[in-house]
Amino acid sequence: MTQPTPRSRRDFLATSATAALATLATPAASVFAAPTASSPAPPAAAPKTWRIGIISAAIRGAPQKTNGHTWHFAHGFHPNIDLAVVEKHLSSGPVQLFKTHFRNPNEDFAQLPFPDTRIPAVFDADPASAAKFAEAFPGVQVARTLDELVRESDAIWLGDASGYGDDHFELIAPALEKGLPVFCDKPIGGTVALTRQILEFARKHKAPIMSSSLYRHQWGTEEALRLKRSNEFGPLQYVVASQGGGWSPGGWFVYGQHPTWMAVTLCGAGVEAVSMYAREAASHTLLTYADRMPAEVWYGRPDVTPTYCHTSAHFTKKTHSWTPAIDGNYWFGHHYQIFRMAQVFLGMVKTRVEPVPHQEILEVTAILHAGAKSMKERGRLVALAEVME
34 MTQPTPRSRR
44 DFLATSATAA
54 LATLATPAAS
64 VFAAPTASSP
74 APPAAAPKTW
84 RIGIISAAIR
94 GAPQKTNGHT
104 WHFAHGFHPN
114 IDLAVVEKHL
124 SSGPVQLFKT
134 HFRNPNEDFA
144 QLPFPDTRIP
154 AVFDADPASA
164 AKFAEAFPGV
174 QVARTLDELV
184 RESDAIWLGD
194 ASGYGDDHFE
204 LIAPALEKGL
214 PVFCDKPIGG
224 TVALTRQILE
234 FARKHKAPIM
244 SSSLYRHQWG
254 TEEALRLKRS
264 NEFGPLQYVV
274 ASQGGGWSPG
284 GWFVYGQHPT
294 WMAVTLCGAG
304 VEAVSMYARE
314 AASHTLLTYA
324 DRMPAEVWYG
334 RPDVTPTYCH
344 TSAHFTKKTH
354 SWTPAIDGNY
364 WFGHHYQIFR
374 MAQVFLGMVK
384 TRVEPVPHQE
394 ILEVTAILHA
404 GAKSMKERGR
414 LVALAEVME
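The letter at position 10 of the sequence shown is residue 43 when you use this note's numbering, and the numbering goes up by one with no holes.
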């Protein structure tokens, strides 16, 4: 299907038409008596159901009435959904996504909805927005306070489609204080100071925390990381991560997150300095390292807009390039990366092992601010330390 040309994921959506079983070994000389008619085997313990509480962030204080980063990204945590209610509250593009991809039993990756999770409650500073979400997911309650949500949850998912992050600390602090695993949408904090505050607060309370862009979970990204680990095409030399749409100073802090996350995911933490230049509707940002080749971040490349983004990982023997699309189908690939991000978070909930290093999370925020500083200073190479302090 020919895709329209989006300016952002919101436009992209709006213009769319459409366990393993454990084997118990019996010891050779067991001290336990075999079950008999007079001593029946004890019933097996019921498998744990993980309760994932949902928080919808605001946009500069205004509610996100149908926040796609909760409705779309967290839907797999709940067993039931009322598609008639989804159709009542959402626009045609997202409705088609739920029908064709998100809740299509033929496209569930043999995982969705996750069999051992449910959403007990949702919190939104705007109760009316929370009520819409609860209506679409039968059994979900509207939490009147964050403390009420935390009491009913084993883990927290905070979704934010705005890209600002200025209210994140206040929203997730009660959960972190209780040691709950938390997903905090990017940017985890809108500034370097806020990002550091959240990460340090999570460490203090031994609360596992995860933050990332969807780009980290694309099929192509996972393959690039596999190639990097295997070394079958030699060492990774450099990365070019590109975003479609059009560059703007404000848009850099929202949509520039994505290709920056891609570059740091593939090249790792340790960025030394940032140089950024913009002309018309495109920007180029160079990330330099002291001990490895640089990465390039392009934001506003018109040629990649039909598939939203494009990345190339250059190894010594081969270049691996990809978009979010799988076999040319953008929406299937979009569904996959949403599923994988939720699945990775669920793994953290169960193991309490953080999948994303804190330094990478912090550096992504710092790179955005260093890039903006470089822009104001005619592309000067700005040391990351300048904005980390």
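No residue lacks a Cβ here, since even glycine has one placed at the ideal position from N, Cα and C.
Note that the coordinates shown come from a computational prediction; the quantities given were computed from them, not determined experimentally.
When the options are compared against residue i, the one with the closest alpha-carbon
{"i": "H442", "options": "H391, A375, A158 and R411", "result": "The requested residue 442 does not occur in the structure, where the chain is confined to residues 34 to 422."}
{"i": "L116", "options": "A167, A154, S162 and D159", "result": "A167"}
{"i": "R232", "options": "Y248, R249, T298 and P214", "result": "Checking the sequence, you will find Leu at residue 232 rather than Arg. Nearest of Y248, R249, T298 and P214 to L232, Cα basis: P214."}
{"i": "L269", "options": "T356, K351 and V183", "result": "K351"}
{"i": "Q182", "options": "A206, A328 and F156", "result": "In the sequence as displayed, the identity of residue 182 is Leu instead of Gln. When each option's Cα is compared against that of L182, the closest is F156."}
{"i": "L204", "options": "Q392, K239, I88 and G412", "result": "I88"}
{"i": "G196", "options": "G223, F170, T356 and A176", "result": "G223"}
{"i": "A22", "options": "E120, L417 and M326", "result": "This structure gives no information on residue 22, because the portion of the chain shown stretches from 34 to 422."}
{"i": "P327", "options": "D180, R312, S308 and A164", "result": "S308"}
{"i": "T356", "options": "C300, F142, K409 and L247", "result": "L247"}
{"i": "L258", "options": "L227, E329, M243 and H347", "result": "H347"}
{"i": "S244", "options": "E256, T228 and G253", "result": "T228"}
{"i": "I85", "options": "F202, A78, Q174 and F142", "result": "Q174"}
{"i": "A194", "options": "A206, L401, P220 and F202", "result": "P220"}
{"i": "D200", "options": "V225, E255, L130 and R93", "result": "R93"}
{"i": "K81", "options": "G253, G198, A405 and V382", "result": "V382"}
{"i": "F142", "options": "V225, Q370 and A206", "result": "Q370"}
Cα-Cα separation between residue i and residue j, rounded to whole angstroms
{"i": "K211", "j": "R373", "result": "26 Å"}
{"i": "E185", "j": "A208", "result": "11 Å"}
{"i": "G361", "j": "H368", "result": "13 Å"}
{"i": "A315", "j": "W331", "result": "7 Å"}
{"i": "K98", "j": "N137", "result": "24 Å"}
{"i": "A52", "j": "R151", "result": "Only weak support is given to the placement of A52: the predicted model assigns it a pLDDT of 34, under 50, and the question is left unresolved by the model."}
{"i": "P160", "j": "S345", "result": "43 Å"}
{"i": "E305", "j": "L414", "result": "10 Å"}
{"i": "L379", "j": "T103", "result": "15 Å"}
{"i": "C342", "j": "G289", "result": "11 Å"}
{"i": "N424", "j": "P146", "result": "In this structure the chain extends from 34 to 422, so residue 424 is not present and cannot be described."}
{"i": "G126", "j": "H134", "result": "12 Å"}
{"i": "A91", "j": "L191", "result": "11 Å"}
{"i": "Y271", "j": "P153", "result": "44 Å"}
{"i": "K261", "j": "W83", "result": "33 Å"}
{"i": "V297", "j": "V118", "result": "39 Å"}
{"i": "A188", "j": "A311", "result": "41 Å"}
{"i": "E313", "j": "R249", "result": "28 Å"}
{"i": "L401", "j": "H122", "result": "34 Å"}
{"i": "C217", "j": "F365", "result": "24 Å"}
{"i": "R411", "j": "F234", "result": "36 Å"}
{"i": "M408", "j": "P282", "result": "9 Å"}
{"i": "S354", "j": "G253", "result": "8 Å"}
Simplified DSSP assignment, three categories, for residue i
{"i": "G303", "result": "coil"}
{"i": "S263", "result": "helix"}
{"i": "R334", "result": "coil"}
{"i": "D157", "result": "strand"}
{"i": "V417", "result": "Sequence check: residue 417 is Leu here, not Val. In this structure, L417 counts as helix in the three-state DSSP scheme."}
{"i": "E410", "result": "coil"}
{"i": "F348", "result": "strand"}
{"i": "H367", "result": "helix"}
{"i": "T254", "result": "helix"}
{"i": "W280", "result": "coil"}
{"i": "F131", "result": "helix"}
{"i": "N137", "result": "coil"}
{"i": "I87", "result": "strand"}
{"i": "F216", "result": "strand"}
{"i": "Q97", "result": "coil"}
{"i": "Y248", "result": "helix"}
{"i": "I189", "result": "strand"}
{"i": "Q123", "result": "Here residue 123 turns out to be Leu, not Gln, going by the sequence shown. L123 falls in the coil class under three-state DSSP."}
{"i": "I152", "result": "coil"}
Where residue i falls, given that 16 or more other Cβ within 10 Å makes a residue buried
{"i": "P148", "result": "exposed"}
{"i": "A323", "result": "exposed"}
{"i": "T178", "result": "exposed"}
{"i": "F106", "result": "buried"}
{"i": "Q251", "result": "buried"}
{"i": "F286", "result": "buried"}
{"i": "Q144", "result": "exposed"}
{"i": "G172", "result": "exposed"}
{"i": "T384", "result": "exposed"}
{"i": "N264", "result": "exposed"}
{"i": "A176", "result": "buried"}
{"i": "P241", "result": "buried"}
{"i": "V386", "result": "exposed"}
{"i": "N139", "result": "exposed"}
{"i": "A403", "result": "buried"}
{"i": "T349", "result": "exposed"}
Any non-hydrogen atom of the ligand MG closer than 7 Å to residue i Cβ
{"i": "E233", "result": "With respect to small molecules bound, the structure shown includes none, and the ligand MG cannot be examined in it."}
* Is the region 387-404 touching the region 279-294, taking contact as three or more C-beta pairs under 8 Å? -> yes
* Inspect the CB distances between the region 274-284 and the region 333-344 and report whether three or more fall short of 8 Å. => yes
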